[in-house]
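In the numbering used here, the protein residues as written are 66 to 473.
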């Protein structure tokens, strides 16, 4: 187990600089165009695949970094470039984490490569959990998965929403109810292979921010998938459901469900995304304050501006440290006894909203126009306090962890 450290090693620094160069030279110049187009930036994803950033091998290397800092470092640099394009590049990762968290070795080896494709034919994947009436309240999920024992098939029906890459993905990972009486404990995750009849894209959302990332509904109508597409397998599911039923009869203990397992693993990564966006806005504001002259001197000489920048930098560094701590703890196998993963996501996402708003203010009228990137960064930052658990849900998780109350 690697010791926790604030210093990246030489290999990590090399990867960080490589990612930063790609973000600077490829992502940033394209950010405004794809934000306006509100379309998946396939050419940028393909460029990322060509250099090895959009690949199973690269993310596996970062995921298994013994320090735990590979993934947050990657997210921060790519999202420093642009949140919408970066989310298109890394969005497949949430589905991959869903398979890694719940799947067998055979399922991991079979399906994750198909999520990425290859540089000549890139693919994307989608993780489908939220529903029109079940976002933060995962217990309200209605999408059903019914087992057809005679054919060894699962039949899925329902509608998913807010799915990154939903409908355009090669592989969809779908969380569905297998035992309604168990609430959130009766959920399981399924692979829907490419071209499966009955799966279609519903409404594509026109969003306030992260516009280059495709977000849509996924409609499941009598979708039949082989029994082997149940992540973890039928035997493991039956054992888990049996334990859940027994605990429910005994008075009810909390049991981790498939969606929550995926979100717990990814929350520090979302915090790192927020840090990247906040850092980008801070740097634009700092450069502007150094060069913008009013009343015969740079505006950074004004205490009101300088103190804002000091607070921005302090909060960004604090957010990064929370993210790194949670990422290291997860890799080291240390339990989040105080909901450290949720802490990192909560604080970093709130910092991103605040810092980008301050950046707009420091740029004044220029910050309010699309001629400067802080306007886009501020719009993009709003998503961090919403997706993969709102700030309110993070506070609830933290509070219940501290008090010993069950997290549902």
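We put the beta carbon where it would ideally sit given N, CA and C, even for glycine.
Distance check for residue j and residue i, CA to CA, integer angstroms please.
i: residue 241; j: residue 306; result: 14 angstroms
i: residue 337; j: residue 295; result: 31 angstroms
i: residue 393; j: residue 358; result: 43 angstroms
i: residue 414; j: residue 159; result: 18 angstroms
i: residue 443; j: residue 302; result: 43 angstroms
i: residue 374; j: residue 137; result: 23 angstroms
i: residue 368; j: residue 378; result: 15 angstroms
i: residue 175; j: residue 149; result: 29 angstroms
i: residue 318; j: residue 251; result: Low local confidence applies: a pLDDT of 47 at residue 318 is under 50, so the model's placement there is unreliable, and no value is given.
i: residue 258; j: residue 182; result: 13 angstroms
i: residue 72; j: residue 265; result: 46 angstroms
i: residue 194; j: residue 452; result: 11 angstroms
i: residue 128; j: residue 120; result: 12 angstroms
i: residue 215; j: residue 292; result: 11 angstroms
i: residue 276; j: residue 436; result: 17 angstroms
i: residue 157; j: residue 227; result: 14 angstroms
i: residue 356; j: residue 427; result: 12 angstroms
i: residue 106; j: residue 91; result: 11 angstroms
i: residue 84; j: residue 141; result: 9 angstroms
i: residue 171; j: residue 218; result: 18 angstroms
i: residue 126; j: residue 135; result: 8 angstroms
i: residue 166; j: residue 360; result: 58 angstroms
i: residue 310; j: residue 331; result: 28 angstroms
i: residue 362; j: residue 432; result: 20 angstroms
i: residue 82; j: residue 229; result: 28 angstroms
i: residue 284; j: residue 365; result: 52 angstroms
i: residue 173; j: residue 122; result: 13 angstroms
i: residue 80; j: residue 304; result: 42 angstroms
i: residue 180; j: residue 189; result: 5 angstroms
i: residue 434; j: residue 101; result: 13 angstroms
Do residue i and residue j have their C-beta atoms closer together than 8 angstroms?
i: residue 161; j: residue 212; result: no
i: residue 225; j: residue 196; result: yes
i: residue 288; j: residue 221; result: yes
i: residue 152; j: residue 278; result: yes
i: residue 78; j: residue 146; result: no
i: residue 418; j: residue 450; result: yes
i: residue 133; j: residue 315; result: no
i: residue 168; j: residue 297; result: yes
i: residue 143; j: residue 341; result: yes
i: residue 333; j: residue 371; result: no
i: residue 344; j: residue 96; result: no
i: residue 253; j: residue 238; result: no
i: residue 267; j: residue 286; result: no
i: residue 281; j: residue 271; result: no
i: residue 354; j: residue 416; result: no
i: residue 198; j: residue 205; result: yes
i: residue 313; j: residue 424; result: no
i: residue 115; j: residue 178; result: no
From which residue to which residue does the beta strand (DSSP E) around residue i run?
i: residue 252; result: 252-257
i: residue 281; result: 280-291
Report the CB separation of residue i from residue j in whole angstroms; it is logged as a contact under 8 angstroms.
i: residue 346; j: residue 439; result: 5 angstroms
i: residue 154; j: residue 191; result: About 14 angstroms separates the two Cβ atoms, so there is no contact after all.
i: residue 187; j: residue 110; result: 5 angstroms
i: residue 233; j: residue 255; result: Actually they are not in contact, since the Cβ atoms of residue 233 and residue 255 sit about 19 angstroms apart, beyond 8 angstroms.
i: residue 118; j: residue 69; result: In fact, because the Cβ distance is near 26 angstroms, the residues do not count as touching under 8 angstroms.
i: residue 223; j: residue 208; result: 3 angstroms
i: residue 456; j: residue 411; result: 6 angstroms
i: residue 405; j: residue 384; result: Not a contact, Cβ separation roughly 13 angstroms.
i: residue 403; j: residue 459; result: That belief does not hold up - the Cβ atoms of residue 403 and residue 459 are roughly 12 angstroms apart, past 8 angstroms.
i: residue 274; j: residue 381; result: With 8 angstroms as the limit, residue 274 and residue 381 do not qualify as a contact, their Cβ atoms being about 19 angstroms apart.
Which residue marks the beginning of the alpha helix (DSSP H) containing residue i, and which one marks its end?
i: residue 267; result: Where residue 267 is concerned, there is no enclosing alpha helix (DSSP H), although the beta strand (DSSP E) it sits in stretches over 264-269.
i: residue 80; result: 75-87
i: residue 143; result: 135-146
i: residue 443; result: 439-446
i: residue 476; result: Residue 476 is absent from the structure shown; the chain starts at 66 and stops at 473.
i: residue 306; result: 299-314
i: residue 116; result: 107-116
i: residue 277; result: Run containing residue 277: none; DSSP gives neither H nor E here.
i: residue 462; result: 456-468
i: residue 100; result: 93-102
Answer yes or no: the CB of residue i versus the heavy atoms of the ligand NAP, is any distance below 7 angstroms?
i: residue 265; result: No copy of the ligand NAP appears in this structure; indeed no ligand is present at all.
Which ranges does the alpha helix (DSSP H) cover as unbroken runs of at least 4 residues, wholly within the stretch 168-249, from first to last along the chain?
-> Runs of the alpha helix (DSSP H) spanning 4 or more residues and lying entirely within the stretch 168-249 occur at 170-181, in chain order.
Can you check the stretch 350-434 for any beta strand (DSSP E) of at least 3 residues that lies completely inside it and give the ranges in chain order?
-> Along the length of the stretch 350-434, whole beta strand (DSSP E) runs at least 3 residues long do not occur.
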